[in-house]
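Sequence order for the protein chains is A and B.
Remember, the numbering used here sits 583 above the position in the first sequence when you count from 1.
Remember, the numbering used here sits 39 above the position in the second sequence when you count from 1.
Below: one structure, written as structure tokens.
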Amino acid sequence: MTLVYLEISDGKIKKSGFEALNFAHKLGEDVIAVAIGSIADTTLLAEAGKYGASRVVYIAQPEFENNTYASLLSAAASQLGSNTVVISGTYSGKAIAPRVAVKLQAAIISGVVDLPADNAFKKGVFSGKAFAFVQTNASKKVITLTPNSFNIEEIGTEVSVENMSFDNNSQTPLTKSIEKIKAGGKIPLTEAEVVVSAGRGMKGPENWGMIEELADLLGAATACSKPVSDMHWRSHNEHVGQTGITIKPNLYIAIGISGAIQHLAGVSSSKVIVAINKDPEAPFFKVADYGIVGDAFEVIPQLINAAKTLNKA
Amino acid sequence: MKILVCLSVVPDTTTKITFTDNDTKFNTTGVTWIMNPYDEMALTRALELTEQHTGSVTAITVGLADTEAVIRKALAVGATEAVRVNAAPIDAFQVASEIASYASTANFDLIFTGRESIDYNGGLVAGLLAEMLNLPSVNVVTKIDVNDSVAKLERDIDGGREVLECSLPLVLSAQKEFAEPRIPNMRGIMAARTKPLSIIEPAAANTITFAKFELPKAKQGVKMINADNAGALIELLHNEAKVI
Ligand SMILES: Cc1cc2nc3c(=O)[nH]c(=O)nc-3n(C[C@H](O)[C@H](O)[C@H](O)COP(=O)(O)OP(=O)(O)OC[C@H]3O[C@@H](n4cnc5c(N)ncnc54)[C@H](O)[C@@H]3O)c2cc1C
Numbered sequence: 584m585t586l587v588y589l590e591i592s593d594g595k596i597k598k599s600g601f602e603a604l605n606f607a608h609k610l611g612e613d614v615i616a617v618a619i620g621s622i623a624d625t626t627l628l629a630e631a632g633k634y635g636a637s638r639v640v641y642i643a644q645p646e647f648e649n650n651t652y653a654s655l656l657s658a659a660a661s662q663l664g665s666n667t668v669v670i671s672g673t674y675s676g677k678a679i680a681p682r683v684a685v686k687l688q689a690a691i692i693s694g695v696v697d698l699p700a701d702n703a704f705k706k707g708v709f710s711g712k713a714f715a716f717v718q719t720n721a722s723k724k725v726i727t728l729t730p731n732s733f734n735i736e737e738i739g740t741e742v743s744v745e746n747m748s749f750d751n752n753s754q755t756p757l758t759k760s761i762e763k764i765k766a767g768g769k770i771p772l773t774e775a776e777v778v779v780s781a782g783r784g785m786k787g788p789e790n791w792g793m794i795e796e797l798a799d800l801l802g803a804a805t806a807c808s809k810p811v812s813d814m815h816w817r818s819h820n821e822h823v824g825q826t827g828i829t830i831k832p833n834l835y836i837a838i839g840i841s842g843a844i845q846h847l848a849g850v851s852s853s854k855v856i857v858a859i860n861k862d863p864e865a866p867f868f869k870v871a872d873y874g875i876v877g878d879a880f881e882v883i884p885q886l887i888n889a890a891k892t893l894n895k896a
Numbered sequence: 040m041k042i043l044v045c046l047s048v049v050p051d052t053t054t055k056i057t058f059t060d061n062d063t064k065f066n067t068t069g070v071t072w073i074m075n076p077y078d079e080m081a082l083t084r085a086l087e088l089t090e091q092h093t094g095s096v097t098a099i100t101v102g103l104a105d106t107e108a109v110i111r112k113a114l115a116v117g118a119t120e121a122v123r124v125n126a127a128p129i130d131a132f133q134v135a136s137e138i139a140s141y142a143s144t145a146n147f148d149l150i151f152t153g154r155e156s157i158d159y160n161g162g163l164v165a166g167l168l169a170e171m172l173n174l175p176s177v178n179v180v181t182k183i184d185v186n187d188s189v190a191k192l193e194r195d196i197d198g199g200r201e202v203l204e205c206s207l208p209l210v211l212s213a214q215k216e217f218a219e220p221r222i223p224n225m226r227g228i229m230a231a232r233t234k235p236l237s238i239i240e241p242a243a244a245n246t247i248t249f250a251k252f253e254l255p256k257a258k259q260g261v262k263m264i265n266a267d268n269a270g271a272l273i274e275l276l277h278n279e280a281k282v283i
């Protein structure tokens with residue numbers, strides 16, 4: 584039996600949880616979804632059945648803290664008799680997964696991007712420059728998935744939600760949350776399907792208005808190259824690349840970014856790449872699907888107009 | 040304050056990645072090895088904290104003799120001592136087990152790792168170590184200050200950041216912004232030669248193996264759109280690529 588951790592955010596199941604359910608379902612064994620958190624209307628969790636869960640278990644626990652959540656998830660895995668635990672690799676997923684692995688004495692494989700073939704799990708290595716096929720002989724496994732690696736399909740119907748609680752658990756949080764501060768952008772970069780990214784070619788932070796406008800029209804998150812965040816033109820949360828965030832959206836639009844190897848490392852798994860650069864020799868064109876050689880300040884307004892027309896259609 | 044910093048030695052960021060032996064081994068020919076960038080930030084912040092509060096910084100790496108140049112660099116920028124566990128690092132579990140058994144012999148107030156190593160991108164060592172040592176942990180930390188054995192931290196969370204508090208000892212993984220790396224000077228390099236570097240023999244076994252590697256598929260070639268008719272791109276993305 585495979586256990587899937589469902590992350591709850593703003594009272595809902597996170598999209599990455601549906602991906603994890605689809606993945607787990609395709610591993611072939613029964614899937615039990617375990618949601619931990621605080622959710623007013625637990626019937627919302629029944630939806631997990633549509634994406635592959637045959638049972639849904641809810642454990643009420645107010646504040647996220649990695650040790651508490653890992654203890655509860657491991658306790659559930661032991662009680663339900665699960666040998667494989669699947670966790671989406673969001674920041675909080677990544678914080679609990681290694682603890683669960685140690686508690687269950689399981690092997691852990693992180694950053695998986697595909698279903699296993701010949702018992703090997705495919706994962707991204709060298710920050711997107713390559714993939715590795717990883718095997719383990721361990722009888723128990725914890726697997727974390729790279730978000731946005733799987734298409735989400737409906738494969739079942741809603742199931743009823745069971746409550747579960749553990750009282751003999753050491754549930755005192757080890758860290759204390761003081762404050763949570765939302766990032767400026769409306770769509771979190773790691774979950775975005777479309778990303779509009781800009782580099783030093785934009786000349787200065789005052790020119791980002793048009794980047795944000797285009798992103799808004801396309802329902803995209805915004806990102807940037809390293810020098811842009813180093814110069815504090817944009818927040819470091821937007822820095823993508825080898826030393827920033829690795830992303831794999833369906834569409835990545837790079838504007839005024841040269842395409843240095845360290846930048847490409849973090850974005851080259853994007854499904855479709857667009858490069859917009861005034862230099863026809865810019866390395867980004869070598870990895871792009873669509874390209875425009877031109878001045879960003881002339882190209883972006885045209886894209887904004889076309890996006891407005893498309894949105895009206 | 041006693042701080043342990045875990046260092047991983049990785050290929051330089053400009054390395055062109057290729058494989059040998061039928062794609063089963065990473066081709067290390069001509070590769071320049073560096074200190075993992077996030078670990079370097081962790082090391083720098085550790086040095087700053089001990090300068091502020093007094094204390095010592097121990098740098099530890101699980102690696103073979105060829106990692107010593109990087110360990111010497113850690114000593115040259117100011118680490119007090121270094122430890123090398125004499126094993127090829129294969130998986131995070133093995134690395135964390137080795138470091139945990141060393142760390143359990145000394146009372147560290149803080150244990151720092153990088154957010155992830157830029158070669159195998161596990162991002163697991165901090166969490167594994169914390170659980171093995173029964174300590175609190177905070178991942179992707181951008182800021183830490185310590186006052187009277189309580190750390191105030193900031194970390195990245197999905198869609199924002201979080202401010203937290205935690206009593207020492209604790210384990211954390213460093214994210215960009217944590218500190219600006221330092222460049223070793225001549226005096227530091229000379230001093231590093233006489234600083235203690237202990238080598239300990241490994242005890243843990245690996246739990247996973249790398250069966251094969253693969254490079255991403257090459258792109259079909261780029262379709263160019265004229266800059267005077269840039270709006271056509273939006274239409275292609277909608278009708279042809281179907282991504283918007
Ligand atoms: C250890 C290390 C780690 C690194 N990690 C990262 C990383 O994670 N992410 C990252 O991004 N970088 C990283 N880098 C930096 C990387 O090597 C490049 O320096 C960086 O990506 C360049 O950013 P850029 O393309 O925005 O700027 P530039 O290289 O300055 O390129 C600007 C581009 O804009 C174009 N341009 C200028 N004006 C216009 C205009 N009006 N219209 C259209 N195009 C225009 C230019 O032709 C040029 O191609 C790293 C470097 C090192 C050494």
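Note that beta-carbon positions come from the ideal geometry of N, C-alpha and C, so glycine has one too.
None of these values were measured; they are calculated from a predicted model.
Closer than 9 Å at the beta carbon, the chain A residues around residue i
i, result
"serine 10/B", "Since the first and last residues shown for chain B are 40 and 283, residue 10/B lies out of range."
"aspartate 158/B", "Val708, Phe709 and Ser710"
"leucine 163/B", "Lys677, Ala680, Pro681, Ala684, Ile691, Ser693 and Thr727"
Boundaries of the beta strand (DSSP E) in which residue i is found, first to last residue
i, result
"proline 50/B", "48 to 50"
"tyrosine 873/A", "873 to 876"
"alanine 713/A", "713 to 719"
"valine 858/A", "Note that residue 858/A is alanine in the sequence shown here, rather than valine. Here the beta strand (DSSP E) through alanine 858/A covers 855 to 860."
"glutamate 170/B", "No beta strand (DSSP E) holds glutamate 170/B; the alpha helix (DSSP H) holding it covers 164 to 172."
Whether residue i touches residue j by CB criterion (9 Å)
i, j, result
"threonine 20/B", "glutamate 120/B", "The shown model of chain B, from 40 to 283, leaves out residue 20/B, and the question about it has no answer."
"alanine 865/A", "leucine 834/A", "no"
"isoleucine 830/A", "valine 778/A", "yes"
"alanine 629/A", "glutamate 741/A", "yes"
"valine 109/B", "isoleucine 238/B", "no"
"glutamate 590/A", "serine 693/A", "no"
Reference residue i; option with closest CA among the options
i, options, result
"glutamate 776/A", "Lys598/A, Tyr588/A and Ile591/A", "Lys598/A"
"methionine 40/B", "Val189/B, Thr152/B and Leu167/B", "Val189/B"
"lysine 55/B", "Asp750/A, Asn734/A and Gly711/A", "Gly711/A"
"glutamate 107/B", "Ala126/B, Glu90/B and His92/B", "Ala126/B"
"glutamate 204/B", "Val744/A, Glu741/A and Pro756/A", "Pro756/A"
"alanine 230/B", "Ala165/B, Asn245/B and Leu114/B", "Leu114/B"
"proline 832/A", "Ser851/A, Ala766/A, Asp613/A and Glu630/A", "Ser851/A"
"valine 44/B", "Lys64/B, Met74/B, Thr68/B and Thr63/B", "Met74/B"
"isoleucine 157/B", "Lys786/A, Val778/A, Gln825/A and Ile670/A", "Gln825/A"
"asparagine 160/B", "Ala781/A, Gln688/A and Ala848/A", "Ala848/A"
"serine 654/A", "Pro681/A, Arg783/A, Gly632/A and Gly672/A", "Pro681/A"
"proline 235/B", "Phe58/B, Ser95/B, Val70/B and Val49/B", "Ser95/B"
"serine 722/A", "Thr667/A, Glu795/A and Ile692/A", "Thr667/A"
"tyrosine 634/A", "Phe606/A, Val640/A and Leu663/A", "Phe606/A"
"valine 744/A", "Ala618/A, Gly676/A, Asn894/A and Val685/A", "Ala618/A"
"glutamate 90/B", "Ala135/B, Ile42/B and Thr53/B", "Ile42/B"
"lysine 869/A", "Trp72/B, Gly260/B, Ile264/B and Leu275/B", "Gly260/B"
"leucine 149/B", "Lys64/B, Leu174/B, Phe58/B and Glu137/B", "Leu174/B"
"glutamate 279/B", "Asp872/A, Met793/A and His846/A", "Asp872/A"
Contact set between residue i and chain A, taken where Cβ atoms lie within less than 8 Å
i, result
"isoleucine 264/B", "Tyr873, Gly874 and Ile875"
"histidine 92/B", "Those within 8 Å of histidine 92/B in chain A number zero; the least Cβ separation is about 20 Å."
"arginine 200/B", "Lys763, Ile764, Ala766 and Asn820"
"proline 255/B", "Gly711, Lys712, Ala713, Phe714, Ser851 and Ser852"
Residue range of the unbroken alpha helix (DSSP H) whose run includes residue i
i, result
"threonine 892/A", "879 to 895"
"alanine 848/A", "844 to 850"
Within chain A, partners of residue i - CB distance below 7 Å
i, result
"phenylalanine 151/B", "Ordered by position in chain A, no residue passes the 7 Å Cβ test against phenylalanine 151/B, which lies about 16 Å from the chain."
"valine 179/B", "Tyr674"
"cysteine 45/B", "Within 7 Å Cβ-Cβ: nothing; cysteine 45/B doesn't reach chain A, min ~14 Å."
"glutamate 107/B", "The contacting residues do not exist; glutamate 107/B stays about 23 Å from chain A at best."
"valine 70/B", "Within chain A, no residue comes near valine 70/B; the closest Cβ sits about 11 Å away, beyond 7 Å."
Listed by chain order, chain B residues near residue i by CB distance under 7 Å
i, result
"asparagine 888/A", "Gly270"
"proline 788/A", "Neighbours of proline 788/A on chain B: none; closest Cβ ~17 Å, over 7 Å."
"serine 732/A", "Neighbours of serine 732/A on chain B: none; closest Cβ ~13 Å, over 7 Å."
"isoleucine 692/A", "Ile247"
Interface residues of chain B facing residue i [CB-CB closer than 9 Å]
i, result
"glutamine 825/A", "Thr52, Pro76 and Ile157"
Length-filtered (4 minimum) alpha helix (DSSP H) runs lying within the region 599 to 660 of chain A: The region 599 to 660 of chain A contains no whole alpha helix (DSSP H) run of 4 or more residues.
Complete runs of the beta strand (DSSP E) confined to the region 239 to 278 of chain B [at least 3 residues]: Taking 3 residues as the shortest admissible run, the region 239 to 278 of chain B contains the following complete beta strand (DSSP E) segments, listed from N- to C-terminal end: 247 to 253.
Unbroken stretches of the alpha helix (DSSP H), 4 residues or longer, contained in the region 749 to 805 of chain A: Taking only runs of at least 4 residues, the alpha helix (DSSP H) segments lying wholly in the region 749 to 805 of chain A are 792 to 801.
Length-filtered (3 minimum) beta strand (DSSP E) runs lying within the region 93 to 162 of chain B: Entirely contained in the region 93 to 162 of chain B, the beta strand (DSSP E) runs reaching 3 residues are, in chain order, 95 to 101, 120 to 124 and 149 to 153.
3 or more residues per run - each beta strand (DSSP E) lying fully within the region 198 to 229 of chain B: 199 to 206 and 209 to 213, all fully within the region 198 to 229 of chain B.
Segments assigned beta strand (DSSP E), at least 3 residues, entirely inside the region 656 to 710 of chain A: The DSSP assignment places complete beta strand (DSSP E) segments of no fewer than 3 residues inside the region 656 to 710 of chain A at 667 to 671, 690 to 695 and 704 to 708, in order along the chain.
Start-end ranges of the beta strand (DSSP E) lying completely within the region 814 to 838 of chain A, minimum 3 residues: Complete beta strand (DSSP E) runs here, min 3: 834 to 838.
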